[in-house]
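Each number in the numbering used here corresponds to the 1-based position in the sequence shown with 6 added.
These notes concern the structure reproduced below.
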Amino acid sequence: MKTRILTGITTTGTPHLGNYAGAIRPAIAASRAADADSYYFLADYHALIKCDEPLRIQQSRLEIAATWLACGLDAERVTFYRQSDIPEIPELTWLLTCVAGKGLLNRAHAYKASVDKNLENGEDPDAGVTMGLFSYPVLMAADILMFNAHKVPVGRDQIQHVEMARDIGQRFNHLFGQGRELFTLPEAVIEESVATLPGLDGRKMSKSYDNTIPLFSSAKELKSTIARIVTDSKLPGEPKDPDDSHLFTIYQAFANPAQLAEFRAELVDGLAWGEAKQRLFQLLDGELSEARERYHALMARPGDLEDILQAGALKARKVATPFLGELREAVGLRNFRSEVKTAGPAKKKGGKVARFASFREADGSFRFRFFAADGEELLLSRPFSDPKAIGMLSQRLIAQGIDALELRADVNDQFTLWLDGECVADSPRYAGEAELEAAMLRLRQAMATLVG
Ligand code: TRP
């Protein structure tokens with residue numbers, strides 16, 4: 007089975023070298039693994055929590071989309087979308103909000119930090135705290151649970167949020183799953199090997215310290231930014247200590263072992279800092295110049311970026327829409343025509359009703375049959391190795407009716423039921439086209455007694 011990897015990128019600011027080495031580069035590499043099914047998205051709803059400047063929001067999501075694509079993300083291979091293009095996400099956020107404990111959210115680091123700061127300043131604890139900030143982890147849980155992600159690569163500051171997503175998902179499963187796991191419980195993945203890049207002044211490279219190296223500035227700007235990296239005052243010819251130099255640390259994040267060994271030896275040998283900066287410039291410019299060109303080409307065609315992201319949203323919604331349908335069903339937001347029932351197929355008092363019956367084959371696989379109220383068998387499913395697949399399929403049929411799937415009349419006087427390009431069930435054979443048509447009608451009618 008494929009591993010679903012999902013991560014969001016908050017769209018504030020312009021990507022810098024630290025984002026590239028710490029998040030973008032490893033994520034793109036991971037998306038190329040054969041067993042990876044990756045979901046990468048622009049967390050632009052999250053960005054609204056931190057920023058109330060529409061122009062900056064717009065500019066940043068454009069820049070970040072262009073950056074990921076320029077750095078080699080293959081939008082055909084992965085699912086790349088904007089959070090705000092998936093209306094199922096805010097809807098799921100509400101379902102989760104209704105099960106998330108307030109006490110759990112009170113413990114979120116980001117919220118607690120704001121409260122602590124207010125208290126320190128003698129202000130009301132909730133001064134300036136929006137419900138967006140408070141509910142941030144619930145929105146993030148919806149991002150993750152919507153796609154049943156197994157692994158969520160994040161920075162350390164986000165581990166708590168992934169754990170909250172687990173908690174909330176588990177609670178929802180417990181309350182509404184009737185024994186099955188509606189949500190996959192996600193795991194945070196921290197890339198130990200990925201360096202946290204120091205900035206110009208040696209502190210962690212971060213926009214808030216104003217010490218960043220922009221990822222796609224021009225070669226000239228890159229050179230002048232590198233010139234501002236703080237070094238010690240050792241003169242040319244004096245031996246330098248590579249392990250006490252953040253210039254070296256930055257170099258290390260991009261060099262191959264041979265380049266690194268050479269650079270180290272040169273520094274120990276007394277290479278001038280000016281020369282060292284020139285070496286770093288060449289290394290970075292070599293790594294980034296092609297991506298920089300692609301970036302500027304993409305930024306010049308925002309309409310193309312829009313199309314790519316719309317296609318990504320369509321792909322994501324193919325998963326999100328039916329899954330949200332199941333979740334609505336699970337919490338009781340059901341079509342009025344579906345019978346009020348506690349579990350399993352609808353039962354009318356006294357009378358017989360259409361029903362699903364699942365069973366296990368001798369080879370261990372699972373199937374179901376679907377019967378009309380009078381007992382006529384209308385469908386026999388294909389075998390499934392996972393009994394959950396049957397539960398999901400029948401729930402979906404009950405929730406959304408036969409048109410949630412595709413019904414095809416086949417040439418051999420049989421009809422078949424299809425889901426996502428796969429045949430999931432077959433009818434018996436009928437004697438001719440007219441009988442086939444009539445049987446299809448009976449199937450629709452029988453399904454309609456379960457739904458509407
Ligand atoms: N909160 C994350 C951050 O600031 C971004 C994010 C939003 C995210 N939704 C997500 C990350 C879902 C992983 C999964 O870095």
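Here a beta-carbon is modelled for each residue, glycine too, at the ideal position from N, C-alpha and C.
Less than 9 Å separates the beta-carbon of Ala49 from that of Ile15. Excluding residues up to 5 positions away in sequence, Tyr87, Arg88, Asp91, Ile92 lie with their Cβ nearer than 8 Å to the Cβ of Ala319 in the same chain. Residue state for Phe182 is assigned as helix, using DSSP reduced to three classes.
DSSP, read as helix, strand or coil, puts Ile256 in helix. In this structure, the straight-line span from the alpha carbon of Gly161 to that of Glu428 is close to 38 Å. For Asp80, the number of other beta carbons within 10 angstroms of its own is below 16, and it is reported as exposed. Restricting attention to alpha helix (DSSP H) runs no shorter than 4 residues, the segment 190-263 encloses them at 225-233, 252-258, ordered along the chain.
Within the segment 26-68, the runs of beta strand (DSSP E) that reach at least 3 residues and sit entirely inside it are, in chain order, 42-49. Under the DSSP assignment, Ser141 falls outside any beta strand (DSSP E), being part of the alpha helix (DSSP H) whose first and last residues are 137-152.
Going by beta carbons, Tyr142 and His52 fall inside the 9 Å limit.
Sequence-distant Cβ neighbours of Thr202 in its own chain, meaning closer than 7 Å and more than five residues away, are Gly28, Lys210.
When C-beta atoms of the segment 241-259 are compared with those of the segment 309-327, fewer than three pairs fall below 8 Å, so the two segments do not count as touching.
Inclusion of Ala171 and Met137 in the CB contact set at 9 Å is not warranted, their separation being larger than that value. In this structure, Ala49 has its beta carbon less than 8 Å from a heavy atom of ligand 1. For Glu428, the enclosing beta strand (DSSP E) starts and ends at 428-432.
Boundaries for Gly161: no beta strand (DSSP E) harbours it, and the DSSP string shows neither H nor E there. According to DSSP, residue pairing for Leu413 in a beta bridge involves Leu423.
For Asp149, the distance from the CB to the nearest heavy atom of ligand 1 is below 8 Å. For Arg448, the enclosing alpha helix (DSSP H) covers residues 439-456.
Taking every protein chain shown into account, the CB of Leu442 has 16 or more other CB atoms within 10 angstroms, so this residue is buried. Short of 6 Å from the beta carbon of Phe47, and not among the five residues preceding or following it, lie these beta carbons of its own chain, in chain order: Gly14, Tyr87, Gln89. The residue from Pro389, Thr422, Leu447, Met453 with its alpha-carbon nearest to that of Ala405 is Met453.
If you compare the alpha carbons of Leu330, Gly183, Asp238, Ala267 with that of Gly208, the shortest gap goes to Asp238. About 4 Å separates the beta carbons of Thr190 and Asn154, which is inside the 8 Å limit, making them a contact pair.
Rounded to whole angstroms, Val337 and Arg435 show a C-alpha spacing of 38 Å. When rounded, the separation of the alpha-carbon atoms in Ser66 and Asn25 is 14 Å. Between the C-alpha atoms of Thr99 and Val144 there is a straight-line separation of about 6 Å.
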